[in-house]
Ligand SMILES: Cc1ncc(C[n+]2csc(CCOP(=O)(O)OP(=O)(O)O)c2C)c(N)n1
Ligand SMILES: Cc1ncc(C[n+]2csc(CCOP(=O)(O)OP(=O)(O)O)c2C)c(N)n1
Ligand code: SF4
Ligand code: SF4
Ligand code: SF4
Ligand code: SF4
Ligand code: SF4
Ligand code: SF4
Ligand SMILES: [Mg+2]
Ligand SMILES: [Mg+2]
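Chains as they are written, first to last, in our numbering: chain P, 68 to 321; chain U, 68 to 321; chain E, 10 to 83; chain F, 10 to 83; chain H, 37 to 213; chain S, 37 to 213; chain V, 7 to 357; chain X, 7 to 357.
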């Protein structure tokens, strides 16, 4: 009897995560760990984990991890990668982290084309702090700070930050995926692989936005949460490739 | 003998500004003052002036002005407009202010569609602090902090922040103009008028980006500086309308 | 991998399962179901109810946020 | 406004002018030029050298960052 | 008089509601009362607990490092908190969902089949109110009038729920005594 | 010995360069020296000024509220700073571009047609070096060798400029004495 | 009005609304999320402003904007978020704008944890922002006091034209206690300085930029005079069992409550201990300490920190011949009355 | 190497590079722009990193990133910009990462002005960020000392794993003086804690989140011990004309220089005045003050602020029967030696 789904070397075993049942963070963690192993990057990996539900990611990842002040992941990643270009630098961030308090850092690290990978967990809510409205919350979505539903008149419309940065010349790879179904998980892995390749080859900035269930704050069971992504969230956040300038950049680099 | 270019009521007379000879700020100040008069908005005007060369704008404007911490103009404007919707609120900002340190405030006030007007002076440099690189500096532009010229490999490419926010549903009017020629000045006035109308009618956010000479830090005489805008800067920052959703919004409002 | 002539064995690491039900939902072969008995964390974990139906497609492990499923060939 | 039969008078507020030269550059009628004499701020202000050529087009005032020019009709 | 109680249960069991109703009731009866939920970043979902203090004098610390009473709505809670009890303290647990509890000689234990009684009442979800009724008996405060007033205050907009809750409270009290 | 000098001129006149060369020269000769530019947000462009202190002892404050010497490269500077001079102080001004200076009885004034002398030398832009030569005479420090060493240090990569500057310094010194 | 059994965070929000707070700008952070959530649920439906800002930095600047128009305005956060507001606080002080800023402290430095702590005392009382300013700080010790001091904070802010910090901690924010709310304020003070558009009058501006050194200096001394006046007029403290005490504990907020429990225990053992509880941390109640020091020579400071307020106690008593001891539990540890009473015994014996 | 006539801002940059600083992240602000500009001109061409960040907040977090990998790293700013770094400073302290942060103070609060001031003393020495931490602060008073203390700052940062603040003001940054630079450092200390990728070893992490209260408390007391050790080992001060003095001025940085001028004048008038100049502001040189207080009973504190360091002087001398007077010029006013000497005369007479 041979184990087909081999345990990913860069994921700690026998630790129970603090994530709620059915939380997307766990799925993405596994994918990241698998890819670092498959691509032989784990030994030089340096991941910035955010203030957000993933704040304790270092308890699960088995490679070097640093924790960030809320929103500053890409600034830390920039500092680390510039100081030590040999590191394989990943900034793992939530939607509040990356697209609210960290907006300036997100925009500018992307615009500088920092040679880092950003894993962007979009669960349309502030998970960690108990379900407040995020810049990515859907119109009408009821949260702890939009109890009557997000009202675009006063709260603004959902922010598509990945689409924004995808337009920057320094952003080499950007894709939106979801982990709400096995097909989505497969695409997510492919997208993160492409992002990792981008950094590996020194081509520049890459970002993968992942629509990810937060059953707890959506007040849904996990299966329903996945359905909500596939039926509601994708209407606002269409999965798909947003930019891929790898070929172009490869040519530039010669 | 009748004075054709009547003195704008909302511009203080007999004060010499601290601006350098040929600085675009002075031209824009005059346009703002003229429009507030023409549109009868001066009595309820509330302008936020930035940390930047325009930090002393309250010495020249003759309506109510508040000064902002560097980059926070639109946050202050948001607070003021929300607290007192009767005010006519303008945030006047430089490129460092609006597109570097103030990036998050810019993006989010725009995304919320705050009913304010933003006057964005893009002179591709930090004027006030003596000519450092701005996010808007051109590729190859030599500044105090890019002495060898802006190198996109390490400094990133020029940031087109107005194009970014123009895509947000809450941004009703966005245009890029320049004050490097009489024709440009005319267009600038038209654009600001449209922006003012947007707020006046309660339609939402408007922004006018103005390519504006900084002869001192470009180390050019003023005439040369205007030429540089028309010949070099416009290649990167194409003047023109970026969005105009006024009709649409008017219909929505019924 | 999912050739029908191959045999697969599925195991749930019972005390690591949070009972989210995603594996159950996405296993199209009905191999998994929710256990009535709580595990040590107080969740109703997934359990294997139709072991023979497994085709080794790994849909379950793809979706499991807690790395709680092991699929063996043979 | 710029009909040729009208007469215009241009004045430079000498001590408010910073001598940037923009009005001189953009007056296509050559009405203005740079004065050799410094003003109180130490600049060479613009001065009117061809008063009769003025067509009242206000190109000069549009460009003047220092509101230092007055154009009168008549 | 000062009674410090630690109430614990799993997320959906309504343990915080229980304590909140008690805290309100104590206030209504004129006591001092404090309620302090545990809140944490570490574990998402999962168990919930809080400390309720009722006293006839100013309450210093709302924390109970050694509570007088532990009210456990499920087995994990009983297991987790029995050792926190002060010597001579009392454990009230929900025997419907608790098989076994650790032994401790210097405390008193009281069991109540809250879920079963709730089912008898025809409302599974009111097990917490059954526990509340028993708990009030055990603590000696607050009185039923205050508890009912508290129910009215907190659920006044749902008369049916008030009705069921009243019954459950009484049933719990009755079973206990 | 301690000499505090305020040097002022308009932006392009090279007044900061003048003071910097003097400060370096003083250092080379073994003096203590401090140079403090005025910097401001208020006026963009326009005039520039700085304070240069040369002493044979530790210098307390690099600021000169009442300088011993004012070196004015243009009229506005002379006008602006003459009143700051300590009683008994000395004003050195550039008479090529200064028509009139305010009267003050308790100071000495020295004029030097720096631009004219520079033009004579065939280099308009070295008026500041002419002033420097005169200034060093007036101050009594630093000596010419040190000034020349300072020029070498600061302009060493432009030998032609060093040459012209040396000449200008000498011319200024000569005119002064 | 009857008493309400309410949590500290909700209580502040409700009291603020009753105090005439029209605008709230904030960003979520544990352990004060419920404050913003209460505002979200209650502000807009009453014509007030609730806005979740993109960051704490944005929030404090929105506060500046709203305050400049004369509105009563509040923001709230917890330790790391309050650090991000320091520039804005300095500006508020410079502008002399009234505003109320709530800090429900947590363990630090860095991300720390979300347990109650008192490690931000220095930041709060010494001005964590740049320049010569201070922020008056109110430190309630019960939910009722949270209500009362919230209202007071708005009044003081307006009266002295200054930002006011209301300081609690995770425990204060989360705990529920019975509260009697004051009636809603109807008459708010006029603010002739507020920017409302020039209308037919002269234009005005508000700036914290004061390029002229002498003018800036005058402004700085003006602020100092204001703080001195507040020290004379507004200092608040509570004395507990001090009448016959020969040993004084000094503690504020949560720690003061625990100290009361400890003192009760110690009293049972016959120790004549009392408590001085500063309610305003800045201005610090120097005078009462000095007065007490005429009789009592032994002071023991309790803090949930490594020792911050103890400096103020030492400064207050610098001219007295007294012994000042310190016991601190930083990092989110809530000490117990038993622990404190043991510490009291220890120092009492040494007396 | 010969002496170089160089400005304070350039001097710090050059000294940092010689101290092995490999990374500089900063955002322009007057009066320290020249520091970043020097870095821009000199870092990249020597394989170092210069990056103008999008804000001060980003800069301090880039510093965190670079420091975490073991690199020597610096950022610089002035008052308002330093306020924006407070959260990051708290994180650096929590992480125990070495880094050097320069603050060339200006007048405040708010935008204030760009003239020299010393109004950020509290912020610097008390931790303007949240939580229980302090930042060691070095306060040079000449351009030569800027060079020496910049190097020292990097060494201390590495030795104690702590951020170090180097504090000057607009005057220190702008003025030029002769400087003899130290030779470039070649051997840098090993940093086994730095994150470099796990390689073949076990994985590691760096976090300032410590959810467990007891662990957080241990961490806090560990920081306190570190600061105590620094107080024993690293306190720096200068005594000037103190040998026969019967009256002591206490001043640091720019003010200390002016005080020296004033003391020289006062000495000419026969007043036996000396100066105690703290060079480390935290840890504060308590001991020397206490030692001096055995002989001298009159202290006069000069600051370009409304009175901040004076609290540390009072704390240091709380157990001595001495008189402590204060003279402050806040807001960007540079006082003159004449003014100070007049003040000295006034208080001397009263002695
Ligand atoms: C400066 C600061 N502000 C606020 C917080 C509180 N906080 C922690 S995580 C978080 C948001 C989490 O939401 P998101 O980034 O979407 O991540 P998620 O938890 O949803 O994965 C907030 C507001 C903080 N730690 N620091
Ligand atoms: C927090 C903070 N950081 C930095 C500064 C310094 N500063 C003032 S204005 C400015 C940039 C000015 O550039 P820009 O916004 O482009 O305006 P301009 O002067 O070019 O009109 C900077 C960096 C400041 N005042 N506050
Ligand atoms: S709150 Fe949401 S994002 Fe956070 S762990 Fe739970 S499910 Fe995941
Ligand atoms: S520096 Fe540039 S932007 Fe500033 S006043 Fe001068 S010309 Fe204008
Ligand atoms: S491997 Fe496929 S068939 Fe087997 S249990 Fe998992 S999902 Fe079902
Ligand atoms: S997906 Fe994993 S955690 Fe969820 S029920 Fe299945 S085995 Fe358990
Ligand atoms: S109005 Fe026209 S023609 Fe007359 S001076 Fe001005 S630019 Fe020249
Ligand atoms: S444009 Fe105005 S300031 Fe410039 S030269 Fe002409 S009159 Fe003078
Ligand atoms: Mg989220
Ligand atoms: Mg600019």
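Even for Gly, the Cβ is constructed at its ideal location relative to N, Cα and C. All figures in this text were calculated on a predicted structure; none of them were measured in a lab.
- prompt: Where residue 117(H) and residue 58(V) are concerned, what is the direct C-alpha to C-alpha distance, given to the nearest angstrom?
  reply: Mapped onto the fifth chain, residue 117(H) falls at position 81. Mapped onto the seventh chain, residue 58(V) falls at position 52. Each residue's Cα considered, the two are about 38 Å apart.
- prompt: How many Å lie between residue 119(V) and residue 330(X) at the Cα?
  reply: Along the seventh chain, one-based indexing puts residue 119(V) at 113. Along the eighth chain, one-based indexing puts residue 330(X) at 324. Distance from the CA of residue 119(V) to the CA of residue 330(X), rounded to the nearest whole angstrom, comes to 41 Å.
task: Output yes or no for whether 7 Å exceeds the beta carbon distance between residue 55(V) and residue 27(V).
output: Here the question's residue 55(V) lines up with position 49 in the seventh chain. Here the question's residue 27(V) lines up with position 21 in the seventh chain. If you check the CB distance, residue 55(V) and residue 27(V) do not come in under 7 Å.
- prompt: In chain P, what lies closer than 9 Å to residue 29(X) by C-beta?
  reply: Walking along the eighth chain from the start, residue 29(X) turns up at place 23. Counting only Cβ-Cβ distances below 9 Å, residue 29(X) has contacts in chain P at 146, 149 and 150, in chain order.
task: Would you list the one or two residues that DSSP bridges to residue 173(X)?
output: The count along the eighth chain starts at 1 and reaches residue 173(X) at position 167. As computed with DSSP, residue 173(X) is found in a beta bridge with 109(X).
- request: Run the CB neighbour count on residue 6(X), radius 10 Å, all protein chains shown included, and call it buried at 16 or more, exposed below.
  value: Past the edges of chain X, shown from 7 to 357, lies residue 6(X), and the structure says nothing about it.
- prompt: What's the gap between the Cα of residue 109(U) and the Cα of residue 266(U)?
  reply: For the purposes of this step, residue 109(U) is taken as the residue at position 42 of the second chain. For the purposes of this step, residue 266(U) is taken as the residue at position 199 of the second chain. CA-CA distance, residue 109(U) to residue 266(U), rounds to 14 Å.
- prompt: What's the gap between the Cα of residue 315(P) and the Cα of residue 133(P)?
  reply: For the purposes of this step, residue 315(P) is taken as the residue at position 248 of the first chain. For the purposes of this step, residue 133(P) is taken as the residue at position 66 of the first chain. Using only the alpha carbons, I get a separation of about 32 Å.
message: Threshold first: 3 residues or longer. Then list the beta strand (DSSP E) segments lying entirely within the segment 157 to 213 of chain U, N to C.
response: The qualifying runs are 184 to 189.
- prompt: Who are the neighbours of residue 72(H) on chain V, taking C-beta pairs under 9 Å?
  reply: If you number the fifth chain from 1, residue 72(H) lands on position 36. Identification of chain V residues near residue 72(H) by a Cβ-Cβ cut-off of 9 Å yields 177, 180, 181 and 182, ordered along the chain.
query: Below 8 Å, can you find three or more Cβ-Cβ pairs linking the segment 7 to 23 of chain X to the segment 273 to 289 of chain V?
result: The answer is no - the segment 273 to 289 of chain V does not touch the segment 7 to 23 of chain X, with fewer than three Cβ pairs under 8 Å.
task: Report yes or no: is there a C-beta of chain U within less than 7 Å of the C-beta of residue 28(F)?
output: By one-based count along the fourth chain, residue 28(F) stands at place 19. At a cut-off of 7 Å between beta carbons, residue 28(F) contacts chain U.
- prompt: If we count the other Cβ atoms within 10 Å of its Cβ and call it buried at 16 or more, is residue 285(P) buried or exposed?
  reply: Position 218 of the first chain, counted from the first residue, corresponds to residue 285(P). Sixteen is the threshold: when 16 or more other Cβ atoms of the shown chains lie within 10 Å of the Cβ of residue 285(P), as they do, the residue is buried.
- prompt: So, is the C-beta of residue 221(P) closer than 7 Å to a C-beta in chain E?
  reply: Here residue 221(P) refers to the residue found at position 154 when the first chain is read from its first residue. Closer than 7 Å: no.
- prompt: Rounded to the nearest angstrom, how far is the Cβ of residue 308(X) from that of residue 272(X), given a contact under 8 Å?
  reply: On the eighth chain, position 302 is the one that residue 308(X) refers to. On the eighth chain, position 266 is the one that residue 272(X) refers to. With a Cβ gap of about 13 Å, residue 308(X) and residue 272(X) do not count as contacting.
message: With a threshold of 6 Å (Cβ to nearest heavy atom), would residue 175(U) be considered close to ligand 4?
response: For the purposes of this step, residue 175(U) is taken as residue 108 along the second chain, with counting starting at 1. No, Cβ of residue 175(U) sits at least 6 Å from all heavy atoms of ligand 4.
- request: Note down, in chain order, each residue of its chain lying with its Cβ closer than 6 Å to the Cβ of residue 67(V), except the 5 sequence neighbours on either side.
  value: Walking along the seventh chain from the start, residue 67(V) turns up at place 61. Within the same chain, residue 67(V) has close Cβ partners 94.
Distance cut-off 6 Å: residue 27(F) Cβ against heavy atoms of ligand 8: Your numbering for residue 27(F) matches position 18 in the fourth chain. Under cutoff, so the answer is yes.
message: Is residue 281(P) near ligand 5 - that is, is its Cβ less than 6 Å away from at least one heavy atom of it?
response: Along the first chain, one-based indexing puts residue 281(P) at 214. Residue 281(P): no, Cβ never under 6 Å from ligand 5.
- prompt: Given that residue 188(V) touches chain X, what residues does it touch there, using C-beta distances under 7 Å?
  reply: As a position in the seventh chain, residue 188(V) is number 182, starting the count at 1. Here the premise fails: no neighbours, minimum Cβ distance about 31 Å.
- prompt: For a contact meaning CB atoms closer than 9 Å, what does residue 46(S) contact in chain F?
  reply: Position 10 of the sixth chain, counting from 1, holds the residue named residue 46(S). One finds 51 in chain F with Cβ atoms closer than 9 Å to the Cβ of residue 46(S), taken in chain order.
message: Please tell me whether residue 71(U) has its Cβ less than 7 Å away from any Cβ of chain F.
response: The sequence position of residue 71(U) within the second chain is 4, counting from 1. Residue 71(U) belongs to the set of residues whose beta carbon lies under 7 Å from a beta carbon in chain F.
- request: Would you kindly work out how many angstroms separate the C-alpha atoms of residue 231(V) and residue 349(X), rounded to a whole number?
  value: Locating residue 231(V) in the seventh chain gives position 225, counting from the first residue. Locating residue 349(X) in the eighth chain gives position 343, counting from the first residue. Within the model, the alpha-carbon separation for residue 231(V) versus residue 349(X) is close to 21 Å.
- request: Output the distance between the C-alpha atoms of residue 320(V) and residue 327(V), rounded to the nearest integer angstrom.
  value: Your numbering for residue 320(V) matches position 314 in the seventh chain. Your numbering for residue 327(V) matches position 321 in the seventh chain. Cα to Cα, the separation comes out at about 11 Å.
message: Please state whether the Cβ-Cβ distance between residue 54(E) and residue 93(P) is less than 7 Å.
response: As a working mapping, residue 54(E) is identified with position 45 in the third chain. As a working mapping, residue 93(P) is identified with position 26 in the first chain. It is not a contact, given that the beta carbons lie outside the stated cut-off.
- prompt: Going by the beta-carbon positions, is the gap between residue 202(U) and residue 167(U) smaller than 7 Å?
  reply: For the purposes of this step, residue 202(U) is taken as residue 135 along the second chain, with counting starting at 1. For the purposes of this step, residue 167(U) is taken as residue 100 along the second chain, with counting starting at 1. Against a cut-off of 7 Å, the Cβ pair of residue 167(U) and residue 202(U) comes out as a contact.
field: Residues near residue 145(P) in its chain [Cβ-Cβ closer than 6 Å; skip 5 each side]
entry: As a working mapping, residue 145(P) is identified with position 78 in the first chain. Annotation for residue 145(P): 176 and 181 place their beta carbon closer than 6 Å to its own, counting only its chain and skipping 5 residues before and after.
query: Are the C-beta of residue 11(X) and some C-beta of chain S separated by less than 7 Å?
result: As a first step, residue 11(X) is located in the eighth chain; it is residue number 5 there, counting from the start. With 7 Å as the cut-off, residue 11(X) counts as an interface residue toward chain S.
- request: Please report how far the alpha carbon of residue 193(V) lies from the alpha carbon of residue 25(V), in whole angstroms.
  value: Sequence index remark: in the seventh chain, residue 193(V) carries index 187 (1-based). Sequence index remark: in the seventh chain, residue 25(V) carries index 19 (1-based). Those two C-alpha atoms are separated by around 10 Å.
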